[in-house]
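Take 924 as the starting number for the sequence shown in the numbering used here and just add one per residue.
All residues carry an ideal CB built from backbone N, CA and C; glycine is no exception.
Worksheet: the structure to be examined is printed underneath.
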Amino acid sequence: MAGSVGCGAVVQPWPPNPSPARRSAPKRHHAVILPVGNLFAGIPATLASEQFDELLHTESCRLERIVSSGQATPAGEWYDQAWDEWVVLLQGQAALLFAGEDAPRLLNPGDYVYIPAHYRHRVEQTSETPPAVWLALHLAGSDAGC
């Protein structure tokens, strides 16, 4: 039976070829057909500013790819978002500083972090070569843009 999975997506049953007993009962499944893409496609060689590409947007979440090439949060500024965010670094390196911490956390490919709403943070640095490629999942809250 199809079911709901995070972000309101609906998935088809597994395995795709059910047993004859399961095939005998006709059922309708409604699936969300998502576009197929590549997270590393369309990354420019150089960027004057960060690139944000929305990949998925539902009532409960927003997923975006962020490409950074040496960018950082301007001095003295902090992000203070009204929604929870989960980010994973796919390529490159980055350093995040959280309010109350003495040193930034260095992120390498595969590293992820959950940032609760209103947890002040800043991007201290991102690699230029290769550029830092992130996935950011913004979870519904008072103002997640969902």
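Counting C-beta pairs with one atom in each stretch, the segment 1032-1045 and the segment 971-986 have fewer than three that are closer than 8 angstroms, which means they do not touch. Around the C-beta of T1049, 16 or more other C-beta atoms lie within 10 Å, and the residue is accordingly described as buried. The residue from V1010, G993, V1046, Q1016 with its alpha-carbon nearest to that of L1030 is Q1016.
The distance from the Cβ of R988 to that of V1056 is about 7 angstroms, consistent with a contact at the 8 angstroms cut-off. Separation of the CB atoms of P1032 and Q1014 is rounded to 6 angstroms, and the pair is thereby assigned contact status at 8 angstroms. For H1041, no beta strand (DSSP E) encloses it, and the DSSP letter there is neither H nor E. Taking C-alpha positions only, T969 is separated from G1023 by approximately 33 angstroms. In the three-state reduction of the DSSP assignment, V1010 falls in the strand class, which pools E and B.
For W1057, the three-state secondary structure derived from DSSP is strand. By the criterion of a C-beta distance shorter than 7 angstroms, G993 is surrounded in its chain by T1049, E1051, once the five residues flanking it on both sides are discounted.
As the crow flies, the alpha-carbon of T996 is around 25 angstroms from that of A964. In this structure, DSSP gives F963 a state outside helix and strand, which the three-state scheme calls coil.
DSSP places Q1048 within a strand segment (E or B) once states are collapsed to three.
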